[in-house]
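Engineer: Numbering (our numbering), first residue to last: 11 to 323.
1) Beta-carbon within less than 7 Å of residue 255's beta-carbon, same chain only, minus the 5 sequence neighbours each way: which residues are those?
2) Decide yes or no for the touch test of the stretch 59-70 against the stretch 104-115: beta carbon pairs closer than 8 Å, at least 3 of them.
3) Alpha carbon to alpha carbon, what distance is there between residue 218 and residue 281?
4) Exposed or buried, what is residue 13 when buried is set at 16 or more other beta-carbons lying within 10 Å of its beta-carbon?
5) With contact counted as at least three CB pairs below 8 Å, one residue from each stretch, are the stretch 193-200 and the stretch 151-166 in contact?
6) Per DSSP, which one or two residues make a beta bridge with residue 23?
7) Just how far apart, CA to CA, sit residue 257 and residue 87?
8) Does the stretch 120-134 come close enough to the stretch 71-81 to have 3 or more Cβ pairs within less than 8 Å?
9) In chain order, what residues of the same chain lie with their CB nearer than 7 Å to the CB of residue 11, ignoring the 5 residues before and after it?
10) Which residues does DSSP pair with residue 101 in a beta bridge?
11) Run through DSSP, which three-state label would residue 178 get?
12) I think residue 27 touches residue 99, with their Cβ atoms under 8 Å apart; what is that distance to the nearest whole Å?
13) I'd like the span of the alpha helix (DSSP H) that includes residue 41, first residue to last.
14) Note the first and the last residue of the continuous alpha helix (DSSP H) segment covering residue 194.
15) Counting only C-beta atoms, is residue 160 closer than 8 Å to chain B at any point?
16) In chain order, what residues of the same chain lie with their CB nearer than 6 Å to the CB of residue 162, ignoring the 5 residues before and after it?
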């Protein structure tokens, strides 16, 4: 068996080739969604630089999330768009490993930053007197750096588990990117060891998702219990509106992620289509929700547009 096996040096991403009749339509839809995603994230990252009113921890975390999501989409969507218009959908094993590492690392970073944003709201609402002392710009920078370190630490572990051995033919990855479940099945290891690796990866991934989600839920239990004690109806409404956009993004983010990663291995369904909401739709909706439902962001955007119009006159 050692003599006859063929070790592969590149993968073929089958992806949307299973749907040849709609590839052009998918390219157009994904291309415009990607452009709008980039525009939304760049706007969120840029506004705090031009409006000093946004130089506060909440928008530092939001800008960090937008930067992380921009990198996240860059690791997946350009290659996917290229493959939709190409007949050769190959990717080297090294390129596949790098894509997987960045995809998992940035996905983990997004989850941790969302958790930090919940912690920021918890301090602001439940401990308003200590908030300026605890949540300084330096502290925000350290927390964001820890989010990146934590996300990529987990990513490196998972990627190392998958790419520690060679891969054998056939080299067909049944996905539009190097998804870990699809790639690990091509390992030259025996089926028992492969199943063990899949189980370990699932435990790490599910633990990360559930852990961050539970922390967010617990945080908002304390937040809502504090909000209910606010005597002013106007104060309650303002606090709830501040949390609404964040909670909407959290529900969408973890909802789509759970569909991808909590789906049992034996359950039927096209993983390619299941992954589209998490890789394309969620990054598109996040900046849209944060910008449309946030008064400070909308006011800053109007101010910038007003300055541009005044300058052109």
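Beta carbons: idealized from backbone N, C-alpha and C, even for Gly.
Structural biologist: Working from what's here:
1) By 1-based counting over the chain shown, the position of residue 255 is 245. 299, 300, 303, 304, listed in sequence order.
2) Flag = no, the stretch 59-70 and the stretch 104-115 do not touch.
3) In the chain shown, residue 281 corresponds to position 271, counting from 1. In the chain shown, residue 218 corresponds to position 208, counting from 1. Rounded to whole angstroms, residue 281 to residue 218 spans 21 Å at the Cα level.
4) In the chain shown, residue 13 corresponds to position 3, counting from 1. Note that residue 13 has pLDDT 39, beneath the 50 cutoff, so the model's placement of it is unreliable and the number below is only indicative. So residue 13 ends up on the exposed side.
5) No: the two stretches stay apart, fewer than three of their Cβ pairs being nearer than 8 Å.
6) As a first step, residue 23 must be located in the chain shown, where it is residue number 13. Its beta-bridge partners are 183.
7) One-based indexing of the chain shown puts residue 257 at position 247. One-based indexing of the chain shown puts residue 87 at position 77. So the two alpha carbons sit approximately 26 Å from each other.
8) Cβ pair count under 8 Å is three or more, so yes.
9) Residue mapping note: residue 11 aligns to position 1 of the chain shown, counting from 1. Its pLDDT being 39, under 50, residue 11 is placed unreliably by the model, and the measurement read from it follows with that caveat. Nothing meets the Cβ criterion.
10) If you number the chain shown from 1, residue 101 lands on position 91. BP columns for residue 101 point to 21.
11) Stepping through the chain shown from its first residue, residue 178 is reached at position 168. The three-state reading of DSSP puts residue 178 in strand, counting E and B together.
12) By 1-based counting over the chain shown, the position of residue 27 is 17. By 1-based counting over the chain shown, the position of residue 99 is 89. That pair is a contact at about 7 Å.
13) The count along the chain shown starts at 1 and reaches residue 41 at position 31. 33-60 is the span of the alpha helix (DSSP H), which, as asked, contains residue 41.
14) Counting from 1 along the chain shown, the entry for residue 194 is found at position 184. Segment 190-194, the alpha helix (DSSP H) holding residue 194.
15) You won't find chain B in this structure, because it holds only one protein chain.
16) As a first step, residue 162 is located in the chain shown; it is residue number 152 there, counting from the start. Excluding sequence neighbours, residue 162 sits near 115.
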